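Novice: Have a look at this one.
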Amino acid sequence: MSQLFPGAVVEPVELAEAKGMVCIRTAGVSDVENLSVYFTGLSTTSRHKRFMGARTDFALVAAECVARTGRPGHFTLLAEVRQEGQHTIISEASYAYDATATHGEFAISVADAFQRLGLGLQMMTAMETRATDLGHEMIAAETARTNAEMRGLAKKAGFRDTGLGDWQSVHLAKRLSR
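As C-alpha cells, this is what we get:
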C-alpha cells in the first residue's frame, strides 16, 4: 500500500493529535510484546470495556490475538503511530470468523489518549473491508449494556442491536456489502 509503511492495510493518515502518521496494519508474531504493553497501558475502565471484565494476563491475551492470525478467517489489526523512528500501538481490533454462526466476531480497543478522534471508526472500516475481502457477509460483536462508547461507535458504523443480548450485554450485527 505504502512504501513508507509496508504492511499497511489502508493508506496511512496523519492524526494531528498523534503528532505523527497513523498506520493500520495486520499484527504479526513480532507484535506480541508491544501488544501486551499496549493492553497494560489502557486505563482500568478501557481494559474492562475491551475484555468485558477484569483481566491481568495481557501477555497471554496478546499472544492469543496474534496466534489466531495464522488461521483462515482470523486476523488482528493494529493502529500504530510512527514518530521519530518509534512505533507505538494506539488501537487494536481482533476478528475471528465463526463458521457455525456464519459471521465474524470482533473486539476493539483504542488507547485512552486517542479516543473520540475517529480512530475507532477507521479501525472498524479497515476490519470490515478485510472481512468482506475474505468473503464474509456478516460481522457481529457483544458489548456491555453500560458501554455507551462502543454502542455509539457501532451505531455510527451501521451496526444494529439484534436483541440477542441479555440483561448485561448487547449483541450488535451488520451485514457486509461487496
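Numbering of the sequence shown is given in this note's numbering, commencing with residue 2 and proceeding in unit increments. The beta-carbon is built from N, C-alpha and C at its ideal position, and this holds for glycine as well. Predicted, not measured: the structure shown is a model, and the values here were computed from it.
Give the range of the beta strand (DSSP E) segment to which Gly105 is assigned.
Specialist: His104 to Val111 is the extent of the beta strand (DSSP E) around Gly105.
Novice: What alpha helix (DSSP H) runs, 4 residues minimum, are completely inside the region 36-87?
Specialist: Listed in chain order, the complete alpha helix (DSSP H) runs (minimum 4 residues) inside the region 36-87 are 45-52 and 59-68.
Novice: With 16 as the cutoff for other CB atoms within 10 Å, does Ala68 come out buried or exposed?
Specialist: Ala68 should be labelled exposed.
Novice: Once DSSP output is grouped into helix, strand and coil, what is the label at Ala95?
Specialist: Note that residue 95 is Ser in the sequence shown, not Ala. Strand.
Novice: Classify Thr41 as buried or exposed, calling it buried when 16 or more other Cβ atoms lie within 10 Å of its own Cβ.
Specialist: It counts as exposed.
Novice: Around the Cβ of Arg26, are there at least 16 other Cβ atoms within 10 angstroms (buried) or fewer (exposed)?
Specialist: Arg26 comes out buried.
Novice: Select from Asp32, Ala174, Val33 and Glu93 the residue whose C-alpha is nearest the C-alpha of His137.
Specialist: Checking every option, the nearest Cα to that of His137 belongs to Ala174.
Novice: Taking Leu78 and Ala94 to be in contact with their CB atoms under 8 Å, please state how far apart those CB atoms are, rounded to whole angstroms.
Specialist: With 8 Å as the limit, Leu78 and Ala94 qualify as a contact, their Cβ atoms being about 5 Å apart.
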